[in-house]
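Trainee: Mind having a look at this structure? Questions to follow.
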Amino acid sequence: MAKGDPGVSTRSRRAAPRSRKGAAGDPDLVQLLTPEGERIESVTGPDGTVYRVDFTDEEYRGLYRDLVLVRKLDAEATALQRQGELGLWASLLGQEAAQVGSGRALRTQDMVFPTYREHGVLYCRGIDPIMPLGLFRGVDQGGWDPNEFKFNMYTIVIGAQTLHATGYAMGVAMDGKTGGDEGEAVIAYFGDGATSQGDVNEAFVWASVFNAPLVFFCQNNQYAISEPLERQTRVPLYRRADGFGFPGVRVDGNDVLATYAVTHTALDNARHGQGPSLIEAYTYRMGAHTTSDDPTRYRIASEVEAWQAKDPIARVKAFLEKQQIADADFFAEVDEQAKRESVHLRERVLAMPNPDPNTLFDHVYPHGSPLLDEQREQFSRYLESFEGSAH
Amino acid sequence: MATETLTIGKALNTGLRRALENDPKVVIMGEDVGKLGGVFRITDGLQKDFGDQRVIDTPLAESGIIGTAIGLAIRGYRPVCEIQFDGFVYPAYDQIVSQVAKMHYRSRGKLRIPMVIRIPFGGGIGAVEHHSESPEAYFSHTAGLKVVSCANPQDAYVMIQQAIASDDPIIFLEPKRRYWEKGPVELDAPLADAYPLHASRVVRPGTDVTLLAYGPMVRTCLDAASAAAEDGRELEVIDLRTISPLDLGVAYESVRRTGRAVVVHEAPSNVGLGAEIAARITEECFYSLESPVLRVTGFDTPYPAARVEEEYLPDLDRVLDAVDRTFGW
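Note that the protein sequences, when read in sequence, are chains E and Z. Everything in the first sequence is counted per UniProt numbering, starting at 1 for the first residue and increasing by one. Everything in the second sequence is counted per UniProt numbering, starting at 1 for the first residue and increasing by one.
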């Protein structure tokens with residue numbers, strides 16, 4: 001997926017789509033696929049940038065497949081938590097398009113700094129979805145090499161990773177890896193709540209003054225646990241970028257096509273040395289903040305229903321059907337694959353062993369510590385003292 | 001072998017220069033470290049010689065300094081961050097404690113953050129508030145960080161290079177009131193042959209009482225030992241050098257001989273390094289002790305106004321008073 005430059009490939013069969021500035025009801029919202037599944041040919045953003053995509057039929061079907069798989073795997077993880085197999089799960093339900101659209105816009109050389117909810121981006125990077133589940137099962141705390149996967153470990157402290165992304169992007173520029181089509185770009189994910197964090201604002205300053213090749217990708221899912229957007233900001237979040245001196249754009253985060261187009265443009269600008277930008281993906285967290293949360297305490301059912309009507313997957317399905325890009329067999333096959341992969345995921349989660357207690361002393365320091373050596377040895381002897389006893 | 005007389009400040013500057021020469025991945029970053037050379041001139045001349053991509057003047061935000069340095073480290077750089085004063089490190093505390101310290105552990109050893117965070121620390125320079133603090137206990141309490149402090153020009157020159165070469169994240173505490181003290185520095189001795197970074201050292205032998213200190217208080221203890229010698233009492237002074245992890249083997253050996261120990265630091269006593277050191281000496285040397293391990297420290301107050309800091313800071317007389325008290329049991 002995501003091969004080539006959108007706008008170059010030729011399209012066929014589609015009924016003549018419209019072009020317009022922004023979306024109905026929000027002139028600044030970039031939208032290329034309406035909730036009803038109608039295509040919009042192109043949208044001109046507030047700064048005059050023209051956003052469009054032109055995928056092949058196979059690519060459209062690929063996006064649909066991603067969305068369905070990501071949702072199914074997420075639902076499986078929620079179920080695993082409910083059954084006591086995961087300690088916690090942060091569901092992405094409702095945010096599939098924001099993650100698949102931006103994730104598929106990434107190129108191999110690009111680097112991702114996620115929060116703890118970017119399971120969909122991780123999937124689109126071609127990474128085995130089992131990778132972050134050790135963290136949520138409690139058998140590790142990530143445990144992967146960010147450089148191997150071009151995907152940093154999940155970061156739970158809100159907004160902290162935006163600074164890491166900025167520093168990494170400064171390193172990209174210092175390495176001379178920007179300025180051409182093969183340049184490297186960096187993307188930092190965060191949420192609406194994080195925009196209140198000092199670290200995020202510091203990251204904006206740093207990225208701006210160092211012209212870092214970075215895309216700030218804010219999934220505005222309307223809630224920071226229980227607190228609505230109004231508690232974080234009095235201006236639309238994408239307009240925060242103005243004050244820091246780089247472009248900001250608001251995209252329909254439930255529209256996988258628009259999210260792809262906007263992210264692709266921003267990443268290309270970054271890789272060509274044109275500096276950072278902010279994307280506000282306007283979306284909605286359909287589920288709880290995490291499995292520990294009860295959203296019925298702070299939001300009303302009618303609001304959730306209104307967003308249900310903007311579902312990111314339903315609109316792609318409607319589009320594929322209307323344009324006869326996919327048939328019933330295809331949808332059934334995708335559902336079957338999703339089921340198969342989620343069963344496979346479940347089996348592997350259940351098979352994850354608890355770590356050996358002695359390993360809790362490992363990797364505190366690259367060069368070790370005599371203090372830890374002593375404690376490890378004492379603890380080991382303590383454990384051995386139980387051998388042969390009834391305990 | 002070239003031996004020069006340098007101040008601690010100049011020795012640090014020369015050590016940083018060596019590190020920049022020896023490894024192109026080393027970058028220095030902080031507030032005013034470029035043209036100005038830092039408010040204490042520790043990075044003087046480095047940006048001029050290595051450019052503004054190696055010696056980076058950052059925006060004025062400490063969390064940003066450490067957070068972006070983490071990203072640079074993930075990218076393969078070896079950042080040396082300057083925090084301008086001890087009391088300004090707290091905005092970066094979350095990035096240091098939650099991110100720098102834990103990355104290696106969380107990645108199960110796959111990621112290294114070879115970062116040095118230089119902090120001029122301690123009082124005695126007549127400064128306004130927030131410029132004289134001793135925050136070492138906060139960092140020593142955090143697994144994943146190592147904490148060291150130099151006390152003389154030779155150590156300053158060598159230890160800063162060792163810290164930069166280490167893959168461990170290291171809080172490097174510089175005794176700011178001693179920046180201008182001079183001493184001989186061997187400039188050409190190979191780093192590989194140097195005294196280890198995480199090792200304590202006897203800096204004055206003695207037989208009667210063991211004094212333990214690090215950073216700025218090593219000089220105070222040496223002065224106290226000289227004064228005590230005039231009264232016929234021989235104090236052994238140990239420069240701990242490594243604060244976390246502590247290296248107390250030398251101290252145990254000493255206390256088994258002297259039977260008495262006094263720990264000296266500027267930081268307040270409550271839940272400080274002195275408490276940890278006293279507990280460990282008590283566990284290891286219980287049957288050798290002639291008196292409890294005593295502490296001479298700053299008081300459990302905020303760091304006071306400059307005109308009373310002489311009363312707050314441990315000095316020669318308070319150290320000798322504690323030495324006397326160890327003979328009262």
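Yeah, the Cβ is synthetic: ideal placement off N, Cα and C, and Gly gets one too. Keep in mind it's a predicted model, so treat the numbers as computed, not measured.
Indicate the three-state DSSP secondary structure (helix, strand or coil) for Leu-313(Z) in the structure shown.
Mentor: Here residue 313(Z) corresponds to residue number 313 of the second sequence, with the count starting at 1. The answer is coil: DSSP assigns Leu-313(Z) none of H, G, I, E or B.
Trainee: So the candidates are Phe-204(E), Ser-208(E) and Leu-214(E); which of them puts its Cα closest to the Cα of Val-172(E)?
Mentor: The count along the first sequence starts at 1 and reaches residue 172(E) at position 172. Out of Phe-204(E), Ser-208(E) and Leu-214(E), Leu-214(E) has the C-alpha closest to the C-alpha of Val-172(E).
Trainee: Going along the chain, which residues of the region 66 to 80 of chain Z sit with their C-beta nearer than 9 Å to a C-beta in chain E?
Mentor: Correct list: Ile-66, Gly-67, Thr-68, Ala-69, Ile-70, Gly-71, Leu-72, Ala-73, Ile-74, Arg-75, Gly-76, Tyr-77 and Pro-79.
Trainee: Evaluate Lys-35(Z) with the Cβ neighbour count: other Cβ atoms within 10 Å of its Cβ, from every protein chain shown; 16 or more gives buried, anything less gives exposed.
Mentor: Start at 1 with the first residue of the second sequence, and residue 35(Z) comes out as number 35. Around the beta carbon of Lys-35(Z), a 10 Å sphere encloses fewer than 16 other beta carbons of the protein chains shown; the residue is thus reported as exposed.
Trainee: Can you tell me where the beta strand (DSSP E) holding residue 464(E) begins and where it ends?
Mentor: Chain E is shown from 1 up to 391; residue 464(E) falls before or after that span and cannot be answered.
Trainee: Determine the contact status of Asp-110(E) and Leu-278(E), defining contact as a CB-CB distance below 8 Å.
Mentor: Residue mapping note: residue 110(E) aligns to position 110 of the first sequence, counting from 1. Residue mapping note: residue 278(E) aligns to position 278 of the first sequence, counting from 1. For Asp-110(E) and Leu-278(E), no; Cβs fall outside 8 Å.
Trainee: Examine the Cβ distances between the region 338 to 351 of chain E and the region 364 to 375 of chain E and report whether three or more of them are shorter than 8 Å.
Mentor: no
Trainee: With a floor of 4 residues, list each alpha helix (DSSP H) that falls wholly inside the region 205 to 283 of chain Z, ordered by position along the chain.
Mentor: 216 to 230 and 249 to 258
Trainee: Is Gly-274(Z) close to chain E, meaning its C-beta is less than 8 Å from at least one C-beta of that chain?
Mentor: Numbered from 1 along the second sequence, position 274 holds the residue referred to as residue 274(Z). Chain E contact via Cβ: absent.
Trainee: Leaving out five residues on either side along the sequence, give the residues of the same chain with a beta carbon under 6 Å from the beta carbon of Pro-78(E).
Mentor: Within the first sequence, residue 78(E) is the residue found at index 78, counting from 1. One point to set straight first is that residue 78(E) is Thr, not Pro, in the sequence displayed. Trp-89 and Ser-91.
Trainee: Alpha carbons only, please: which of Tyr-157(Z), Asp-188(Z) and His-198(Z) is nearest the one belonging to Leu-145(Z)?
Mentor: The residue labelled residue 145(Z) in the question sits at position 145 within the second sequence. Cα-wise, what sits closest to Leu-145(Z) is His-198(Z).
Trainee: Taking 8 Å as the threshold (C-beta atoms), are Cys-218(E) and Glu-148(E) in contact?
Mentor: By 1-based counting over the first sequence, the position of residue 148(E) is 148. By 1-based counting over the first sequence, the position of residue 218(E) is 218. No, they are not a contact pair.
Trainee: For Pro-205(Z), count the other beta carbons within 10 Å of its own beta carbon; 16 or more makes it buried, fewer makes it exposed. Which is it?
Mentor: Walking along the second sequence from the start, residue 205(Z) turns up at place 205. Exposed, by the Cβ-count rule.
Trainee: Would you kindly check if the distance between the Cβ of Leu-163(E) and the Cβ of Gly-37(Z) is under 8 Å?
Mentor: Start at 1 with the first residue of the second sequence, and residue 37(Z) comes out as number 37. Start at 1 with the first residue of the first sequence, and residue 163(E) comes out as number 163. Their beta carbons are not under 8 Å apart, which means Gly-37(Z) does not touch Leu-163(E) by this criterion.
Trainee: Touch check for the region 78 to 90 of chain Z and the region 125 to 138 of chain Z: three-plus C-beta pairs under 8 Å?
Mentor: Judged by Cβ distances under 8 Å, the region 78 to 90 of chain Z makes contact with the region 125 to 138 of chain Z, as three or more pairs qualify.
Trainee: If you drop the 5 nearest sequence neighbours on each side, which residues of the same chain put their C-beta closer than 7 Å to that of Val-64(Z)?
Mentor: One-based indexing of the second sequence puts residue 64(Z) at position 64. According to the sequence as given, residue 64(Z) is Gly; it is not Val. Answer for Gly-64(Z): Thr-58, listed in chain order.
Trainee: Counting only Cβ-Cβ distances shorter than 8 Å, please list the residues of the region 164 to 176 of chain E near chain Z, keeping chain order.
Mentor: Taking 8 Å as the cut-off between beta carbons, the residues of the region 164 to 176 of chain E near chain Z are His-164, Ala-165, Thr-166, Gly-167, Tyr-168, Ala-169, Met-170, Gly-171, Val-172, Met-174 and Asp-175, in sequence order.
Trainee: In whole angstroms, give me the CA-to-CA distance for Pro-355(E) and Val-139(E).
Mentor: As a working note, residue 355(E) is residue 355 in the first sequence. As a working note, residue 139(E) is residue 139 in the first sequence. Pro-355(E) and Val-139(E): Cα-Cα distance of roughly 6 Å.
Trainee: So what's Ser-380(E) in DSSP terms, helix, strand or just coil?
Mentor: One-based indexing of the first sequence puts residue 380(E) at position 380. In the three-state DSSP reduction, Ser-380(E) falls in the helix class (H, G or I).
Trainee: Can you pull the chain E residues whose beta carbon is under 9 Å from the beta carbon of Lys-146(Z), in chain order?
Mentor: The sequence position of residue 146(Z) within the second sequence is 146, counting from 1. Within 9 Å Cβ-Cβ: Tyr-365, His-367 and Ser-369.
Trainee: Report the option in Leu-187(Z), Tyr-90(Z) and Asn-270(Z) whose CA atom is closest to the CA atom of residue 330(Z).
Mentor: Within the shown structure, residues of chain Z are numbered from 1 to 329, placing residue 330(Z) beyond reach of any answer.
Trainee: What are the residues in the region 90 to 124 of chain Z lying within 7 Å of chain E by C-beta distance?
Mentor: Asp-94, Gln-95, Ser-98, Gln-99, His-104, Tyr-105, Arg-106, Ser-107, Arg-108, Gly-109, Lys-110, Leu-111 and Arg-112
Trainee: Going by C-alpha distance, which of Val-262(E), Leu-345(E) and Asp-255(E) is nearest Pro-247(E)?
Mentor: To locate residue 247(E), count along the first sequence from 1; it is residue 247. It is Val-262(E).
Trainee: Under the three-state reduction of DSSP, which class applies to Thr-7(Z): helix, strand or coil?
Mentor: What you label residue 7(Z) is simply residue 7 of the second sequence in a count that begins at 1. Reduced to three states, the DSSP call for Thr-7(Z) is strand.
Trainee: Is Pro-190(Z) buried or exposed, if buried means 16 or more other CB atoms sit within 10 Å of its CB?
Mentor: Numbered from 1 along the second sequence, position 190 holds the residue referred to as residue 190(Z). By the neighbour-count rule (16 or more Cβ atoms within 10 Å), Pro-190(Z) is not buried but exposed.
Trainee: Under 7 Å between beta-carbons, which chain E residues line up against Gln-53(Z)? List them in chain order, please.
Mentor: Looking up residue 53(Z) in the second sequence gives position 53. Within 7 Å Cβ-Cβ: Met-174.
Trainee: Using DSSP with H/G/I as helix, E/B as strand and the rest coil, what is Arg-137(E)?
Mentor: As a working mapping, residue 137(E) is identified with position 137 in the first sequence. Residue state, collapsed to three classes: helix.
Trainee: List the residues of chain E that Ser-63(Z) touches, going by C-beta distances under 9 Å, in chain order.
Mentor: Position 63 of the second sequence holds residue 63(Z). Simply Ala-160, Leu-163, Gly-198, Asp-199 and Glu-202.
Trainee: With 8 Å set as the bound, which would you pick, yes or no: does the beta-carbon of Ser-166(Z) sit closer than that to a beta-carbon of chain E?
Mentor: To locate residue 166(Z), count along the second sequence from 1; it is residue 166. It does; some Cβ of chain E falls within 8 Å.
Trainee: Nearest to Val-30(E) by alpha carbon, out of Met-131(E), Leu-257(E), Ala-105(E) and Leu-67(E)?
Mentor: By 1-based counting over the first sequence, the position of residue 30(E) is 30. Among Met-131(E), Leu-257(E), Ala-105(E) and Leu-67(E), the Cα nearest to that of Val-30(E) is on Leu-257(E).
Trainee: Given this structure, state the Cα-to-Cα distance separating Arg-325(Z) from Thr-207(Z), to the nearest angstrom.
Mentor: In the second sequence, the residue the question calls residue 325(Z) occupies position 325. In the second sequence, the residue the question calls residue 207(Z) occupies position 207. The straight-line gap from Cα to Cα measures roughly 16 Å.
Trainee: At what residue ranges does the region 206 to 285 of chain E contain a whole run of the beta strand (DSSP E), taking only runs of 3 or more?
Mentor: 214 to 220, 248 to 252 and 277 to 282
Trainee: Closest to Ala-11(Z) by CA distance: which of Asp-300(Z), Gln-161(Z) and Thr-210(Z) is it?
Mentor: Within the second sequence, residue 11(Z) is the residue found at index 11, counting from 1. Answer by Cα proximity: Gln-161(Z).
Trainee: From which residue to which residue does the alpha helix (DSSP H) around Phe-330(E) run?
Mentor: Here the question's residue 330(E) lines up with position 330 in the first sequence. Element bounds for Phe-330(E): 328 to 350.
Trainee: Have a look at Asp-327(E) and Glu-321(E) and give me their C-alpha separation to the nearest angstrom.
Mentor: In the first sequence, the residue the question calls residue 327(E) occupies position 327. In the first sequence, the residue the question calls residue 321(E) occupies position 321. One C-alpha to the other measures close to 7 Å.
Trainee: Between which residues of its own chain and Leu-63(E) is the CB-CB distance below 6 Å, once the five residues before and five after are set aside?
Mentor: Within the first sequence, numbered from 1, the residue matching residue 63(E) stands at position 63. Answer for Leu-63(E): Val-256, listed in chain order.
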